[in-house]
Amino acid sequence: MEHVITGFKTIAPSIPYIINGIWVTLGIALGAAIIGFVLGILLSLCKIGNIKLLSGIARAYTSIFRGTPLIMQLALAYFAIPQLIGLNDVNPTTCAIVTFGLNSGAYMSEIIRSGINAVDKGQFEAASALGVGYWPMMKDIILPQAIKNILPAMMNEFITLTKDSAIVSTIAVTDMMRRSQIVSAEYYLYFPPMFVAFIMYYIVVLILTAVGGRIERRLSRSDQS
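When we follow full-length UniProt numbering, the leftmost residue of the sequence shown carries the number 1, and every step to the right adds one.
The following block contains the structure:
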């Protein structure tokens, strides 16, 4: 036990460096969540629309991104595809945000599609009876109600993105995980720096889970009032 305490004292000057990696982690998760949300809306509308080609493309996209490992998608985006097209200078952070966003879009499309399907069918019928077009109906009537219903699920997706973002360390993004590895290599101590990152991830997830729970309770109260 004494050597563990000594290890923490040794890496103490580097602990702020590890903790500050949380902003990289959250930045990647937030950027990916925005891309995933926008893409998820487009894919979900294609899936429930009457254009079979768009529906087929959207379903194939979802199947591919949900059916393959995220770390494999990240490796393809950072190592394989740039080599294939002759691109030498790829920003790892941008690559991580885009890849995570494309992956999240597949999951978000299913979440949003479920939210749309949960909206009372009478809403669709009333809008059609009033002569409201398909896209205006979706934008102004259906999607606002669907998004309200799926906010807790969207928060869970953001939490998942935050946790899964640790794999960006494999492409040298200096997130919390990567910084703990750098400190480990510098001091030849692995437990203390990785334990610091471990605790920080857990604290962040606890905070996000609490925020998600509060949103869900507030929505429940608004539905009852």
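Glycine is no exception: its CB is placed at the ideal position from the N, C-alpha and C atoms. From a predicted model like this one, the values you see are computed outputs, not experimental measurements.
Same chain only: Cβ atoms within 7 Å of residue i, ignoring 5 sequence neighbours per side
| i | result |
| --- | --- |
| Ile22 | Met176, Met200, Val204 |
| Leu219 | Lys148, Leu151 |
Beta-carbon contacts of residue i that lie in its chain and below 6 Å, excluding the five residues immediately before and after
| i | result |
| --- | --- |
| Ser14 | Val183 |
| Phe65 | Asn103, Ala106 |
| Met155 | Gly212 |
| Phe8 | Pro192 |
Sequence-distant residues of its chain with Cβ nearer than 8 Å to residue i (five each side left out)
| i | result |
| --- | --- |
| Ala29 | Phe100, Phe158, Leu161, Thr162, Ser165 |
| Val24 | Thr93, Val173, Thr174, Asp175, Met176 |
| Ala146 | Ile112, Gly115, Ile116, Ala118, Val119 |
Neighbour-count burial assignment, residue i, 16 or more Cβ in a 10 Å radius
| i | result |
| --- | --- |
| Gly115 | buried |
| Arg178 | buried |
| Pro192 | buried |
C-beta atoms of residue i and residue j nearer than 7 Å
| i | j | result |
| --- | --- | --- |
| Leu43 | Ala58 | yes |
| Ala75 | Cys95 | no |
| Ile71 | Ile141 | no |
| Leu53 | Cys46 | no |
Check whether the segment 109 to 127 and the segment 78 to 91 are in contact - that is, three or more C-beta pairs closer than 8 Å. Touching, no.
Quick check: the segment 74 to 84 against the segment 35 to 54, are at least 3 beta-carbon pairs closer than 8 Å? Three or more Cβ pairs closer than 8 Å define a contact, and the segment 35 to 54 falls short of that threshold against the segment 74 to 84.
What residue ranges within the segment 17 to 82 form continuous alpha helix (DSSP H) runs of no fewer than 4 residues, ordered along the chain? Listed in chain order, they are 21 to 48, 52 to 66, 70 to 75.
Alpha helix (DSSP H) runs wholly inside the segment 115 to 162, at least 4 long, in chain order: Counting only runs of 4 or more, we get 121 to 129, 134 to 137.
Cβ contact check for the segment 94 to 110 and the segment 153 to 167: 3 or more pairs under 8 Å: Put simply, the segment 94 to 110 touches the segment 153 to 167. At least three CB pairs are less than 8 Å apart.
Runs of 4 residues minimum, wholly inside the segment 188 to 224: which ones carry the alpha helix (DSSP H) assignment? Segments of the alpha helix (DSSP H) lying fully in the segment 188 to 224: 191 to 224.
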